[in-house]
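What follows is one structure encoded as structure tokens, with my remarks underneath.
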Amino acid sequence: MYLVWDLNNVFSKNSNIIFLSIFLVCLFILLITLIYVSIYRKQMQTIAKSLDLIKDIKNSPLKYRIERISKIYDETGNFETEFMVWRTKYEILYEKEFLKLFIDFHKLLESKKTSKVRVSNINLYKNIYNRLIAVNKNVHLIYIEIMNSLEMEFIQRDALTYQKELFRDLKEEIIMTTFRDLQIDDKKLASTIESIEELFADFYNMLNMGLYKESWEELLKIDQSLIFLIELLDSIPYIISTIQNVIPRQLIDLKNKYVTFGNNKGKLQYNANKFSDLENEVDKLRVTINNEILKLQYKKAYNYLETIFDKINEFKIIIEEEDNIKTFFENRIDNIRQIFIDVENAVHSLNRKFNVIEPYTKTPSQEKMDFELVRKNFFSTKNKWDLILSDIDIAISKGSSIDFINLKERLLVEMTSLVDIIEGLEKSIKIISRKSVNTESLVNQVIFIKSCLSQCKVKIKQYKSIEELEIFSETIEDLFTQVSKYNKAMLTRINSQDERQKVSELIESILKNVTVLITDLNDTIFLDYISQEIMIYLERYVGEFKEIENVIYSCEDLFKRRNLEQLIGYALDILLKIKNKKN
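In our numbering, the protein residues as written are 3 to 585.
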């Protein structure tokens with residue numbers, strides 16, 4: 003009611019109506035202005051974005067990539083089909099579509115009608131903008147296709163940039179190296195640098211012509227050359243410092259320890275002679291190393307340097323371990339002699355046994371030939387061992403020094419050979435054991451067969467109520483007769499492997515028959531037992547099944563007539579019924 007009264011009050015005065023009208027007019031003007039500004043802003047944004055797209059399309063690097071492909075095609079003939087396609091697409095995009103768009107856009111801007119702020123004009127500019135987007139997208143797609151084809155080139159250029167910087171640093175390092183007064187062939191070093199620079203030039207030529215496979219090979223050559231320079235610059239100072247400082251210091255330490263201030267006065271002259279030989283060898287190797295460095299052959303110089311260190315270590319071993327080796331020879335020589343004697347006895351023993359098993363008239367088996375090879379190797383090793391002992395005896399008798407290090411190496415070789423010989427003899431022993439005439443196993447086999455037959459007799463007596471067992475008695479007696487032929491006296495008269503094999507096969511045949519007999523005997527006993535158990539079991543269910551009494555009567559009749567297998571089959575039906583009822 004209050005609201006209605008208030009509205010009536012408003013419209014009742016002229017001044018209120020005037021003010022309300024003015025307010026509504028202002029509100030309408032404001033709305034029109036906002037709509038105009040929004041349309042104008044949208045139109046200007048579309049024009050600005052279109053101008054940006056035109057600028058991007060004009061500044062696209064696609065033109066330069068087309069020119070690069072054109073150059074590769076002119077030089078090598080590569081990218082023939084691709085170049086034709088890309089150039090055609092480029093011409094269509096820029097000379098037709100883009101040019102037409104540019105003209106249409108220019109006309110819109112020049113026209114007074116389309117430059118006015120209208121919704122219809124916005125749609126015209128949007129159409130131009132969408133067409134520019136499509137052109138720009140196609141330009142980008144062509145650019146991506148070309149860049150994918152030129153990807154190998156840019157990868158190689160990036161790799162070469164790093165290698166160029168590295169090469170520049172290495173050249174500066176080489177210049178510094180030449181001022182250190184090192185004995186290096188400057189001409190050869192300069193030639194190496196020049197050849198690497200030629201590799202860079204060849205790489206650029208190959209790359210510019212689009213021969214990416216060949217330029218890649220050049221890049222690998224540059225990489226290997228730079229690795230060579232790095233290793234050369236790292237190695238030369240180390241090698242020179244080692245031969246000028248480290249090795250002389252080690253030689254002085256060795257001389258002071260073993261020659262000048264040696265504890266063992268009796269060995270000073272011997273140590274001095276050995277050290278003099280070491281010095282001469284080291285001096286020769288140092289000269290060789292300097293010559294290799296002069297020729298930039300740092301790897302060979304490294305190898306010779308390792309040889310020097312090996313010589314120094316060898317000298318230490320000779321001096322420091324000689325007393326230990328001498329003590330070993332003094333304490334262990336008799337044991338080693340005995341080992342050779344024992345092995346020799348084993349060889350002779352095996353040889354005699356092989357001669358018994360394989361007489362000379364027979365063609366030797368592979369095992370016999372293997373043994374003969376082991377035997378031959380043993381006597382060769384024994385001759386060398388005797389020579390070592392002879393050298394020791396001669397040196398002792400003459401009072402001359404003994405090169406125990408050399409003796410140790412020689413003995414180590416022969417002892418290693420002796421170990422292989424012993425392994426070969428072990429194989430021959432196993433073969434002899436297998437082939438030798440051994441009747442003990444046959445005797446045991448006969449005893450086992452007789453024992454089995456005796457147990458069968460006992461079972462027949464134990465279950466004499468089972469009539470079927472009587473048929474086995476005759477078979478048992480027959481088998482007893484057969485096996486009794488091979489008594490111990492007869493078996494011990496066997497004197498050949500062939501005869502033993504024949505007897506073994508006969509006894510094995512008897513054993514198989516005995517095994518079958520035992521199986522049949524046990525099956526017969528079990529069949530009688532299970533038949534009786536079935537009848538006893540059925541009697542427990544008398545009265546529960548109508549037909550069970552008839553079944554029991556029939557089973558008893560079958561049992562009396564000894565049709566045991568038929569009994570089991572006949573009772574199977576009622577047994578299944580009993581089982582189902584229980585479940």
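Glycine is no exception: its CB is placed at the ideal position from the N, C-alpha and C atoms.
So, at 6 Å on beta carbons, what are the nonlocal neighbours of Y260 in its own chain, with the 5 sequence-adjacent residues on each side left out? Only N273 and I321 meet the Cβ criterion.
Between N132 and chain C, is there a C-beta pair that is closer than 8 Å? Absent from the structure: chain C. Only one protein chain is present.
Would you call the region 332 to 349 in contact with the region 278 to 291, where contact means no fewer than 3 C-beta pairs closer than 8 Å? Between the region 332 to 349 and the region 278 to 291, the count of Cβ pairs shorter than 8 Å is below three; the stretches do not touch.
Is it right to say M208 is buried, meaning 16 or more other beta carbons lie within 10 angstroms of its own, or is it exposed? Residue environment analysis places M208 among the buried positions, since at least 16 neighbouring C-beta atoms fall within 10 angstroms of its C-beta.
If we call anything under 8 Å between Cβ atoms a contact, is I249 one with I310? With contacts defined by Cβ atoms closer than 8 Å, I249 and I310 form a contacting pair.
Cα separation between L33 and L26? Computed Cα separation, rounded: 11 Å.
Return the residue from the list R288, I254 and D530 that minimises the CA-CA distance to I241. For the residues R288, I254 and D530, the minimum Cα distance to I241 belongs to R288.
Residue burial classification, R334 (beta-carbon count within 10 angstroms, cutoff 16): With fewer than 16 other Cβ atoms within 10 Å, it is exposed.
Just to confirm my understanding: we take E216, look at its own chain, exclude 5 residues before and 5 after, and list those with CB closer than 8 Å. What are they? M208.
Could you check the C-alpha separation between S72 and W88 for me, to the nearest Å? Distance between the alpha carbons of S72 and W88: 10 Å.
Burial state of Q534 (16 or more Cβ within 10 Å): Result: exposed.
Please work out which residues of its chain come closer than 8 Å, Cβ to Cβ, to D372, disregarding the five sequence neighbours upstream and downstream, and give them in chain order. Counting only Cβ-Cβ distances below 8 Å, and skipping sequence neighbours, we find G426, K429 and S430.
Taking all protein chains shown into account, decide if I224 is buried (16 or more other Cβ within 10 angstroms of its Cβ) or exposed. Classified as buried, I224 has 16 or more neighbouring CB atoms from the shown chains inside 10 Å of its CB.
Give me the DSSP bridge partner(s) of F547. Looking at the DSSP output, F547 shares a beta bridge with V544.
Quick check on DSSP: helix, strand or coil for R564? Here DSSP, grouped into helix, strand and coil, assigns R564 to coil.
Select from I532, I550, V553 and Y539 the residue whose C-alpha is nearest the C-alpha of E567. Comparing Cα-Cα distances from E567 to each of I532, I550, V553 and Y539, the minimum goes to I532.
Scan the region 331 to 397 and note each continuous beta strand (DSSP E) run of 3 residues or more that stays entirely inside, going in chain order. List check, beta strand (DSSP E) in window: nothing returned.
Can you give the beta carbon distance from L201 to S227, rounded, assuming they're within the 8 Å contact cut? The beta carbons of L201 and S227 sit about 6 Å from each other, so the pair counts as a contact at 8 Å.
T526 to L471 span [Cα, whole Å]: Their Cα atoms are separated by approximately 7 Å.
Would the region 510 to 520 count as touching the region 536 to 546 if we require 3 or more Cβ pairs under 8 Å? With a cut-off of 8 Å, the region 536 to 546 and the region 510 to 520 do not count as touching, because too few Cβ pairs lie within range.
Applying the criterion that 16 or more other CB atoms from any shown protein chain within 10 Å of the CB defines a buried residue, is D285 buried or exposed? The residue is exposed, with fewer than 16 neighbouring Cβ atoms inside 10 Å.
Measure the beta-carbon distance from R564 to E469 and round it to whole angstroms, keeping in mind my assumption that it falls under 8 Å. With a beta-carbon spacing of about 6 Å, R564 and E469 fall inside the 8 Å limit used to define contacts.
Along the chain, where does the alpha helix (DSSP H) that runs through R251 open and close? Residues I249 to K257.
Q271, buried or exposed, once every other Cβ within 10 Å from all chains shown has been counted against 16: By the 16-neighbour rule on beta-carbons within 10 angstroms, Q271 is exposed.
Rounded to the nearest angstrom, what separates F406 and L253 at their Cα positions? Roughly 23 Å separates the two Cα atoms.
Does DSSP put N61 in a helix, a strand or coil? Three-state result, N61: coil.
Using alpha carbons as the reference points, say which of F380, K128 and N150 lies closest to E346. Among F380, K128 and N150, the Cα nearest to that of E346 is on F380.
Buried or exposed for Y2, please, with buried defined as at least 16 other CB atoms from any protein chain shown within 10 angstroms of its CB. Lying outside 3 to 585, the shown extent of the chain, residue 2 is not represented and no answer is given.
If we ignore side chains and look at the alpha-carbon of each, how far apart do R495 and V445 end up? Rounded to the nearest whole angstrom, the CA to CA distance from R495 to V445 is 12 Å.
Whole-angstrom Cβ separation of L519 and C458, contact assumed at under 8 Å? Approximately 7 Å separates the beta-carbon atoms of L519 and C458; this is inside 8 Å, confirming the contact.
Could you round the C-beta distance between Y145 and S52 to whole angstroms and report it? I think they count as a contact, below 8 Å. In this structure Y145 is not in contact with S52, their Cβ atoms being roughly 21 Å apart against a cut-off of 8 Å.
Just how far apart, CA to CA, sit E69 and I94? E69 and I94: Cα-Cα distance of roughly 16 Å.
Own chain residues within Cβ distance below 7 Å of N138, not counting five before or after: If we look at N138 and ignore the five residues flanking it on each side, its Cβ neighbours are L55, D58 and I59.
Which residue's Cα is closest to the Cα of L296: K189, L352 and I49? Ranking K189, L352 and I49 by Cα distance to L296 puts K189 first.
Do you know how far the Cα of F356 is from the Cα of L256? Near 58 Å, if we compare the C-alpha coordinates of F356 and L256.
Determine the contact status of F317 and K276, defining contact as a CB-CB distance below 8 Å. Note that the C-beta distance between F317 and K276 is below 8 Å.
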